[in-house]
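Presented below is the structure to which this report refers.
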Amino acid sequence: MIGANDAGRRWSIGELARATGTTVRALYHYDEIGLLTASERTPSGHRRYTECDLRRLYRVRALRALGLSLEEVAAVLAGAADDPESLRHLLAAQLRRLNEDAERIEALRGRVGEMLGRLDGSSAPDPGWFMTTLEMMSVYESYFTRQQREQLAERRDALGAEAVEAAKREWTGLVEEGLRLIESGVPADDPRAGDLVRRWDALAGGLHPAGPAGAETKAAARRLWQDNGAEIGRSLPWPAERMTGLVSYLEQARQAG
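For the sequence shown, position 113 matches number 113 in full-length UniProt numbering, and the numbering has no gaps at all.
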């Protein structure tokens with residue numbers, strides 16, 4: 001840092017780099033783009049930086065630490081003193097970018113955590129399963145907004161792991177029952193199909209938030225199944241074509257009811 005004894009001192013480019021922890025290469029680049037130019041030159045043309053230059057360099061580094069680009073740093077140093085409103089807008093835009101980055105990082109943390117959980121729960125996950133799971137996670141995010149995904153996660157947390165596992169077992173039973181109805185030739189307008197749909201929807205409804213938010217996530221989930229039944233089926237223990245047929249059968253029964 002600048003000390004009281006530095007008044008009137010001059011630094012070569014190497015001395016300035018060592019004193020501030022900046023690389024000589026960076027100082028050359030700052031000079032090239034006009035961000036920091038040495039105020040003086042020796043008769044032989046060597047750069048000599050003054051106390052004013054040193055203070056400007058510290059300002060450059062402080063603004064860079066806020067995540068501003070070199071162009072933005074130059075704009076701040078050129079006009080901040082005369083136009084503080086421009087600086088406010090620039091920093092507000094940077095804060096928005098940082099918040100967006102934080103949201104993306106949080107979403108990525110959740111995705112990585114979920115993948116680790118699935119890998120830890122599988123005795124021997126193969127690459128095909130892994131990539132299919134990644135693809136379906138991306139599809140999932142395209143059908144549910146970030147807020148809806150958070151609401152669904154909160155609902156799962158409120159239910160607890162034991163209740164969620166019980167719901168999975170019940171859903172497995174409903175799938176098997178639905179496949180048997182199809183194999184037996186039971187039409188979709190049969191009361192047995194209607195009863196299956198009611199229990200299916202009731203089970204699914206319990207995993208969604210209450211009120212209008214739940215209605216929206218249910219609609220999104222239904223669209224997800226209708227549009228991606230085959231892809232989802234590949235990650236399930238039943239043949240994909242049978243799951244696609246079941247989804248269609250349930251929708252027919254739902255309309256019939």
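Idealized CB from N, CA, C, for every residue including glycine.
Check your understanding: How do the region 9-23 and the region 46-54 stand: do at least 3 beta-carbon pairs fall below 8 Å, yes or no?
Key -> As far as the Cβ criterion goes, the region 9-23 touches the region 46-54, which means the pair count is three or higher.
**Study point:** Rounded straight-line distance, which links the Cα of R9 to that of residue 262
**Key:** A query on residue 262 cannot be resolved here, the shown segment of the chain reaching from 1 to 257 and no further.
**Study point:** DSSP-derived helix/strand/coil call for L16
**Key:** Of the three classes helix, strand and coil, the one that applies to L16 here is helix, per DSSP.
**Study point:** For E71, the nearest candidate out of P237, L35 and R96 (CA to CA)
**Key:** Closest by C-alpha distance to E71, out of P237, L35 and R96, is L35.
Review point. How should Q151 be labelled, buried or exposed, when 16 other C-beta atoms within 10 angstroms of its C-beta is the threshold for buried?
Key: Q151 sits buried, since 16 or more C-beta atoms from the chains shown fall within 10 Å of its C-beta.
Practice item. Could you tell me which of L224, A163, T217 and D190 sits nearest to Q255, measuring between CA atoms? Key: Out of L224, A163, T217 and D190, D190 has the C-alpha closest to the C-alpha of Q255.
Practice item. Please state whether DSSP places W238 in a helix, a strand or coil. Key: It is coil, neither helix nor strand.
Review point. Hey, A204 and A221: beta-carbon distance below 9 Å or not?
Key: Result yes, Cβ atoms of A204 and A221 sit closer than 9 Å.
**Study point:** Environment of D227 [buried if 16+ CB atoms lie within 10 Å]
**Key:** With fewer than 16 other Cβ atoms from the protein chains shown falling within 10 Å of its own Cβ, D227 counts as exposed.
Check your understanding: Hey, out of L95, A102 and Y249, whose CA is closest to V175's CA?
Key -> Among L95, A102 and Y249, the Cα nearest to that of V175 belongs to Y249.
Review point. Can R61 and T22 be called in contact, C-beta distance under 9 Å?
Key: Less than 9 Å divides the Cβ of R61 from the Cβ of T22.
Practice item. Going by DSSP, name the residue or residues bridged to W11. Key: The partner list for W11 (beta bridge, DSSP) reads Y49.
Exercise for review: Just tell me which of E154, R41, R64 and L77 has its CA closest to the CA of T217.
Suggested key: Measuring from the Cα of T217, the nearest candidate turns out to be E154.
Check your understanding: For V197, which of P212, E177 and G211 has the nearest alpha-carbon?
Key -> For V197, the nearest C-alpha among the options comes from E177.
Check your understanding: Identify the residues that DSSP records as bridge partners of R149: which are they?
Key -> Partner(s): none; R149 has no beta bridge.
Exercise for review: State the Cα-Cα distance for the pair G206 and M243, rounded to the nearest angstrom.
Suggested key: Their backbone Cα atoms lie some 22 Å apart in a straight line.
Check your understanding: Secondary structure at A4, three-state DSSP: helix, strand or coil?
Key -> Low local confidence applies: a pLDDT of 49 at A4 is under 50, so the model's placement there is unreliable, and no value is given.
Practice item. Go ahead and label T42 buried or exposed: buried means 16 or more other beta carbons lie within 10 angstroms of its beta carbon, across all protein chains shown. Key: It counts as exposed.
Practice item. Measure the Cβ-Cβ separation of A202 and A253 and say whether it is below 9 Å. Key: No, they are not a contact pair.
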